[in-house]
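Protein chains in written order, with the numbering used here: chain A, 1 to 290; chain B, 1001 to 1158; chain C, 2001 to 2754.
For each residue, glycine too, the CB sits at the ideal point set by N, CA and C.
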Amino acid sequence: MEAFDYVAPRSLADAFAHLTNGRSSLMLAGGTDVIVQLREGRRHCDQLIDLKHIPELTALHFAGDGTLEIGAAKPLAEIYEDPEVARRLPGLVDAAALIGGIQVQSRASLGGNLCNASPAADASPALMALSARLVIGSASATREIPVEEFFLGPGRNALQPGELLLQVKIPAQPANSNAHYLRFIPRNEMDIAVASSGARFALNADGRIESARVAIGAVAATPLMVPAAAEVLNGKLPTEETFGAAGDAAAALATPINDMRGSIAQRKQLVRVLTVRALRGALARIQEAR
Amino acid sequence: MARSYVSTNLNGTETDFLCEPRQSLLEVLRDELGLTGTKEGCNNGNCGACSVMLNGRIVNSCCVLAVETQDATVTTIEGVAQGDQLHPLQQAFLNEAALQCGICTPGFIMASKALLEREPNADEHRIRHWLAGNLCRCTGYDKIVKAVLSAEQMQGVK
Amino acid sequence: MTTEEKIEYKVIGTRPIRPDGVEKVTGKAQYGADIRLPGMIYGRVLRSPHAHARILSIDTSAAEAHPGVLAVLTAKDLPAAEDKMEELGESAINVKEVSDNILASTKALYRGHAVAAVAAANAHVAEEALALIKVEYEVLPPVLDVRDAMREDAPLLNEERHTKSMGGKLSEKPSNIAQFTQFSGGDIEAAFAEADVVVEHEFNTSMVHQGYIEPQVSTSSWNADGTITIWTSTQGAFAVRSLVAEVLRQPISNIRVVPMEIGGGFGGKLPIYLDPVAALLSKKSGKPVKIAMSRTDVFEGTGPTSGTSIRVKMAAKGDKITAVQANLAYEAGAYPGSSVGAGAMCMLSPYSVENFQIDAYDVVVNKPKTAAYRAPGAPAAAFASESMIDELAKKQGIDPLAFRRANSSEAGTRMVTGVPFPRIGAVETTEAAINSAHYKSPIEGPNRGRGVASGFWFNAGMQSSVVAAVNSDGTINLIEGSTDIGGTRASLAMQLAETLGVKYESIRPSVVDTDSIGHNDVTGGSRTTFASGMAVFEAGMDIRRQMITRAAKLWSCSEDDVVYEDGGLRCKVDSTKELTFKEMAAQQPRTGGPIVGKGSLVARGAGSAFATHIVDVEVDPETGKVEILRYTAVQDVGTAIHPAYVEGQIQGGVVQGIGWALNEEYFYNDEGTMVNSSFLDYRMPTALDVPMIDTILVEVPNPGHPYGVRGVGEVPIVPPLAAIANAIADATGHRFTTLPMSPRRVVEELNGLS
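And the structure:
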């Protein structure tokens, strides 16, 4: 591995000072990706900035309006083991609990998973379905964007030089709603998604779908929102036919590639199937909550 | 390359060492501190052979930098037995013939220990799920899973 | 379960704790990478980024000048190796090719082929130095497919290689086909013409890796007196010694190999890769050198097993298999020596087939030189033959196991080589499967299916040498030279305890270095418990004889009147004369000195292994994922010395087979780079991917071993590929003929997507 310096700032101000000192930097949260990337020579830096000692970046709490605010460096296991998170946001737990094995979940963070900007990242579609927003900061300003606007291409995200991803915000979910995230992998654990789908919707008093959101992963250069799926879902009864139409909409939007992990035909097939199954899963959760 | 001074609690003993930032915890445990019970199988977080406890959680020590362990608590396989007294998991792995070559065994014992500390009555499926980050190529996992179940029994009896 | 009258043993058949167990569960056992010598430095190997390229020049000057670098090595530093064959236990290899595989001289023949090495103060510095070595390549078109490689117009890996046929005949034109072998018998044309039914398919499998968790590692010290010490984890310390002696052109006695604990091998740790490199770097630097492979190095630079293309035509009349014609082409990798011969010989061994013709091609391709992998050659061959047998049974309307039973080999059945079987357990194994609770249970539910398959492996004998020294307190040190890869310290100590009638715990087995015991062939071919077990039996009998002689002297009686039984000695003619083993041990100083038993032999009479497996699967037709619901492996194990470790061998082999069937493959891009060279993308089964693996141990004792031992380690990987394919065919109606039957392949096939 190439040599680099290690710094562990204790405050955001310190972190920004390091980030703007003119040296090339990489962020260390859980390290489960960046350490491997450095070791394999796929990424390079003069300094590695460890974000885990900055209190804001490892906090987790529900705000007064029900918004869940998660520090970008918070380990996944600490997120999904939180009973309130598990109760209110099972669709987030779905993703957090299947990134890597237990050893990886002890360290890996939502921020790291997002910033890597892998089209196959599990957190992305799950958070997109939940209408999550990202808080991005620099030494001088803070901005907030919808999570789906963060991904620019494989390995490319919307952070500008001098900026850090600080927080993931998941708003209180609509009444009588729930979400589900599913991915397909050849094994039952320890794999990268061949295709994935996250779905969220609410049922209104008439039992019709509202506030539907469907997001898909590993089938394009970035994870994708599927507005056409939301369109076919909203206002309809949650039937297999409706779910099937949403699955078709997801498959129609997908522009996957052939690689060692999957073929175009397989991924299109999978994203349809997963979308239908994620919708069924969300429905089951809504019905269970009643 | 400047080496950093790190002080950590290792297997219950305050330990300090010098390391380069690029050195993983796995590398420092093995090459600098002589604790070779933690094994390297893949060096990229996909086999679990290097599993250790870090601040109460099970991690792959190949994906932790040694410098990160400043003020941390680290437990390795060398810290599992109490003197001559084997941990119930260690005894169960022996009784159940849950190892063949044995290279993955320290990682499996560390990961299983982390599970049993949280969920002393984990069932077969939960054990298999928890241990999915640890690869074994010799046993087909059958006897490993049975050993963990058997250790639960032993602990329950204790 | 047993068929012969069962002999009552005291120790054999029990499940004691292995002698090396505590060290292994506490992390104290020293594996290959765990050694640390004073002044030790670290080596790294530079590997070819191209699958096929001429090496025009190598400039190491910048690497040599890099601070912290102590030595740099290329093929020029290797002595010119002899062009001769060296026996490596289960296979023979050409020394020149071994040498060229260790460091490429003129051509890089696969991506990952070693071209240079560096030793430095630490591994990071060594790695930095590798980046400073400039290699000029002329990139050549790679040959990556076995059938393509056989074409006359294929690019040649070696312009001087001609096809060797039977009788040593060489082809006129150079070729990538290194060897052609044919086995034939009867009259296939007539049999095909008279058959009720004929089926024909082509089967393809990809290269797969043994997947041992411990990467290759070697530490070497070139000592001041010119001797060389090597600490390594290997399946055969003596094989390492012989090969290093050949490659470095040293007398064998100059080399001492210290076997470290080994973290898995499955055949992959029979060849040498790093040992001579570490030795020469040590010579150049004057310091001990350790070289460890990364996981990617292991995938790209060590020997997986062959990818194969197998065409089979098979006929049946009534419930009999009447004719088989097969064409097997196996990838040898960069140098000749695939396992195709073994595949051809194993393919039909579970059955009595009169009319057959099997053509076998050993083909070089631009991929790593293949190595042995558990029953090398047999699983792919059985994938083809056992799939076809399933089709025949189906077409004839016969239960697939009943069909196998009707054709089963038995004592006297001739293999395709013409060699007749001695007492074997093929029939008993098949019948035990038919009568198993699993096979009698219903398989119900949509998308579920059941498959069966049988398998065969020869098992090996070869050379073993052990010494057992009796201590004054009656304990015994058992000194062996066979690598203990999964419990053989226990299985050998148990056989000695049985032979001597003493407690298992009184025996302390040690696996020692090559200076400290006679030659032992590799731990391979499922031979250690069998062959080293025979040597242990000999050593035990040697001790018994010596004790009888001494007791006769003590008691002033004839040796014929002294009986050794139940772990002690007694005089037949004087019932007051008795000595326990321990008492006799205490008498050593007064009766002639130390008692040392010796067993040194070539083990003949290895008993073949037969297995029949039953598997239930569920296929998700929407995703192509195959779930293993239930698995039962039935196997003739001869006599199970330590049943728990016998079961463990079977369970491990089955799960490797499940991985091979469903997900594992070397996935190459067009340039010949393996793109999945990590444990993330080379998908070996995790604990969550498999159920408990049930085993049924059939014990048909091997008449060639004092305790009836048959090797058990290899045959368990032979049936799973076909058993799972047959189960998927049962569940879906689709016959898969290409491995792996990955979700991608299954979903594309079931939904017509490809």
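Is residue i helix, strand or coil when you go by DSSP?
| i | result |
| --- | --- |
| Lys2284 (chain C) | helix |
| Asn113 (chain A) | helix |
| Gly2236 (chain C) | coil |
| His2124 (chain C) | helix |
| Ala1122 (chain B) | coil |
| Thr1013 (chain B) | strand |
| Tyr1005 (chain B) | strand |
| Cys1063 (chain B) | helix |
| Gly2343 (chain C) | helix |
| Met2001 (chain C) | Note that Met2001 (chain C) scores 44 on pLDDT, short of 50, meaning its location in the model is unreliable; the coordinates nonetheless yield the value given after this. DSSP places Met2001 (chain C) in coil when its eight states are reduced to three. |
| Gly137 (chain A) | strand |
| Tyr2137 (chain C) | strand |
| Asp2730 (chain C) | helix |
| Met1110 (chain B) | helix |
| Ser2385 (chain C) | helix |
| Tyr80 (chain A) | helix |
| Ala2725 (chain C) | helix |
Starting from residue i, trace the beta strand (DSSP E) both ways and give me its first and last residue.
| i | result |
| --- | --- |
| Leu2579 (chain C) | Asp2574 to Thr2580 |
| Gln2635 (chain C) | Val2626 to Asp2636 |
| Arg2710 (chain C) | Arg2710 (chain C) -> no beta strand (DSSP E), and no H or E assigned at all. |
| Phe2679 (chain C) | No beta strand (DSSP E) holds Phe2679 (chain C); DSSP gives it neither H nor E. |
At the level of alpha carbons, what is the spacing between residue i and residue j?
| i | j | result |
| --- | --- | --- |
| Pro1021 (chain B) | Ala1066 (chain B) | 7 Å |
| Leu270 (chain A) | Asp94 (chain A) | 18 Å |
| Ala2497 (chain C) | Val2011 (chain C) | 7 Å |
| Lys2553 (chain C) | Glu2505 (chain C) | 29 Å |
| Thr2322 (chain C) | Gly2752 (chain C) | 35 Å |
| Gly2648 (chain C) | Ala1097 (chain B) | 8 Å |
| Glu2214 (chain C) | Ile1103 (chain B) | 7 Å |
| Asp2694 (chain C) | Val2654 (chain C) | 10 Å |
| Leu1025 (chain B) | Thr1075 (chain B) | 12 Å |
| Pro171 (chain A) | Ala2126 (chain C) | 51 Å |
| Gly2624 (chain C) | Glu2748 (chain C) | 8 Å |
| Gly2474 (chain C) | Glu2583 (chain C) | 7 Å |
| Gly1079 (chain B) | Val104 (chain A) | 22 Å |
| Lys1143 (chain B) | Glu56 (chain A) | 44 Å |
| Ser2105 (chain C) | Phe2266 (chain C) | 29 Å |
| Lys2134 (chain C) | Ser2057 (chain C) | 8 Å |
| Ala2729 (chain C) | Ala2371 (chain C) | 31 Å |
| Pro2422 (chain C) | Asp33 (chain A) | 57 Å |
| Ala245 (chain A) | Leu233 (chain A) | 8 Å |
Considering only the alpha carbon of each residue, which of the options lies closest to residue i?
| i | options | result |
| --- | --- | --- |
| Ile2281 (chain C) | C:Ser2464, C:Val2470 and C:Ala2071 | Note that residue 2281 (chain C) corresponds to Leu in the displayed sequence, not to Ile. Cα-wise, what sits closest to Leu2281 (chain C) is C:Ala2071. |
| Phe2610 (chain C) | C:Leu2348, C:Ala2245 and C:Glu2202 | C:Leu2348 |
| Asp1084 (chain B) | C:Arg2044, C:Met2040, C:Glu2023 and C:Arg2295 | C:Glu2023 |
| Leu2274 (chain C) | C:Ile2595, C:Leu2156 and C:Ala2119 | C:Ala2119 |
| Arg2508 (chain C) | C:Thr2499, C:Ile2517 and C:Arg2489 | C:Arg2489 |
| Gly2211 (chain C) | C:Met2684, C:Val2419 and C:Ala2382 | C:Met2684 |
Just to confirm the assignment, what range does the alpha helix (DSSP H) spanning residue i have?
| i | result |
| --- | --- |
| Glu241 (chain A) | Glu240 to Leu253 |
| Gln37 (chain A) | Val34 to Arg39 |
| Asn2477 (chain C) | Careful: Asn2477 (chain C) lies outside any alpha helix (DSSP H), inside the beta strand (DSSP E) at Ile2476 to Glu2480. |
| Glu288 (chain A) | Ile264 to Ala289 |
| Val2646 (chain C) | Pro2643 to Leu2662 |
For the ligand ADP, is there any heavy atom lying closer than 7 Å to the beta carbon of residue i?
| i | result |
| --- | --- |
| Gly1037 (chain B) | Only the bare structure without any ligand can be found here, which leaves the ligand ADP out of the picture. |
Contiguous alpha helix (DSSP H) assignments of at least 4 residues, all confined to the stretch 2140-2183 of chain C:
Listed in chain order, they are 2146-2150.
Entirely within the stretch 2181-2257 of chain C and at least 4 residues each: give me those alpha helix (DSSP H) ranges in chain order.
2188-2194 and 2237-2248, all fully within the stretch 2181-2257 of chain C.
My parser needs the alpha helix (DSSP H) runs of 4 or more residues fully inside the stretch 1049-1104 of chain B; what are they?
Counting only runs of 4 or more, we get 1088-1095.
Only counting runs of 3 or more residues, tell me where the beta strand (DSSP E) segments fall wholly within the stretch 2488-2517 of chain C, in order along the chain.
2507-2511, all fully within the stretch 2488-2517 of chain C.
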